[in-house]
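Notes for the one structure printed next.
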Amino acid sequence: MAALSRDRGIVLRTHDHAETDRIAVLLTPRGRLDLLAKGARRLEGSAGALLDPLHVLDVIYYRRRGLPLLKEAAFVQTFPQVRGDLDRAAAALRALRWAADLFPSGSSDERPYLLTLESLAALERGLSPLLFTAAYTLRALALAGHGPYLTGCVRCGGGNGLTWVPERGGFLCAPCGGSGASVSPRLARTLDALARLPLDALELLQAPDEDLRQGIALLEEFRRAQVGR
Ligand SMILES: [Zn+2]
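Numbering (our numbering), first residue to last: 393 to 621.
Have a look at this one:
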């Protein structure tokens with residue numbers, strides 16, 4: 393008799409499997425959990441939508457050889473405000489893709505789950521998509537052990553003439569050999585604050601959108617250099 397397990401998780405993504413099945417990738421307090429949902433592509437209406445990304449579900453599943461088999465799922469949270477807004481939905485789905493890439497399964501660290509849930513809840517309450525994306529990206533990288541050093545040059549700690557050198561882990565100043573994209577002191581301070589402030593205080597930053605867009609692009613580059621995807 394296979395062992396029955398229960399968990400709660402955020403659906404990060406799903407993909408079709410065989411003719412009628414679906415594989416759902418969840419982020420739970422115990423890390424990433426991939427579940428096989430037999431016949432899920434035949435379901436219609438709300439049952440068919442259960443496994444859509446962004447839903448928080450309570451799941452019951454069988455552990456067995458190969459992928460665990462989903463037996464039951466029930467909605468816990470659906471984030472209607474995020475789903476109903478194109479910009480917020482796009483930002484959320486982007487964050488979920490990062491989570492699927494960065495966080496492993498079988499973890500005893502519940503912080504990635506809590507970070508993702510709390511960030512989505514802030515987005516649902518009205519946090520701007522740019523602030524959400526920049527803050528989530530920074531925090532997710534840090535939890536995955538790839539957080540950039542943001543309080544100055546990675547070699548000397550200085551704060552003048554900083555350039556972005558992802559393969560070195562953050563900023564390098566010109567005297568230390570920094571030759572990457574130059575980063576304004578204002579953007580450097582903004583990134584540092586985004587990594588530290590409570591989510592509900594981020595709007596107080598009043599960071600210009602152009603800074604946030606540039607910051608997000610720098611962090612994408614950082615992930616490619618540090619994580620390799
Ligand atoms: Zn330096």
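Think of the CB as a built atom: it goes at the ideal place given N, C-alpha and C, for glycine as much as any other residue.
Beta-bridge pairing of residue i - partner residues as DSSP gives them
| i | result |
| --- | --- |
| L425 | L418 |
| I541 | A small fix is needed here, since residue 541 is Tyr in this sequence, not Ile. Beta-bridge pairing links Y541 to G562. |
| V619 | Answer by DSSP bridge pairing: none, since V619 is not bridged. |
| T470 | T470 pairs with nothing; no bridge assigned. |
| D413 | H409 |
| E464 | I452 |
| A573 | W556 |
Top-ranked residue by Cα proximity to residue i, from the options
| i | options | result |
| --- | --- | --- |
| S511 | H538, F495, L459 and R480 | R480 |
| A441 | V403, A410 and P460 | V403 |
| L533 | F563, N552, D493 and G572 | D493 |
| P504 | P600, G537 and A483 | G537 |
| A439 | D426, K463, T420 and R457 | K463 |
| D477 | A466, R457 and L519 | L519 |
| V619 | I608, R581, A513 and F495 | F495 |
| Y453 | P472, S500 and G401 | G401 |
| G551 | S576, A599, P445 and P558 | S576 |
| P521 | P445, A599 and A432 | A599 |
| V546 | D501, G562 and A432 | G562 |
| L591 | R531, S500, A394 and L461 | R531 |
| A593 | L579, R517, L535 and A395 | R517 |
| R457 | D426, R588 and D601 | D426 |
| G607 | E436, R578 and L418 | R578 |
| R422 | R588, D501 and A410 | D501 |
| G395 | L418, L535, G437 and L461 | According to the sequence as given, residue 395 is Ala; it is not Gly. Of L418, L535, G437 and L461, the residue nearest in Cα terms is L461. |
| R489 | L418, G544 and E436 | L418 |
| R560 | E411, G437, R615 and E436 | R615 |
| L535 | E411, R588 and E436 | R588 |
Residue i and residue j closer than 7 Å at C-beta
| i | j | result |
| --- | --- | --- |
| S497 | R405 | no |
| R455 | S397 | yes |
| T420 | D399 | yes |
| L611 | T529 | yes |
| G539 | T555 | no |
| L485 | L459 | no |
| K430 | D408 | no |
| A466 | L443 | no |
| P558 | A609 | no |
| L509 | F471 | no |
Beta-carbon separation (whole angstroms), residue i vs residue j, contact threshold 8 Å
| i | j | result |
| --- | --- | --- |
| T525 | A491 | Not confirmed; about 13 Å, so no contact. |
| V468 | V448 | 4 Å |
| E595 | L523 | 7 Å |
| A483 | L515 | 7 Å |
| A566 | G553 | 4 Å |
| L542 | L583 | 5 Å |
| L586 | A527 | 5 Å |
Endpoints, the beta strand (DSSP E) within which residue i is located
| i | result |
| --- | --- |
| D479 | Run containing D479: none in the beta strand (DSSP E); it sits in the alpha helix (DSSP H), L478 to L494. |
| E502 | Looking at the DSSP string, E502 is not in any beta strand (DSSP E), and its letter there is neither H nor E. |
| T406 | L396 to H409 |
| T555 | L554 to V557 |
| L449 | V448 to Y454 |
Residue range of the unbroken alpha helix (DSSP H) whose run includes residue i
| i | result |
| --- | --- |
| L583 | P577 to R588 |
| G437 | G437 to A441 |
| P445 | Run containing P445: none; DSSP gives neither H nor E here. |
| P521 | P521 to L535 |
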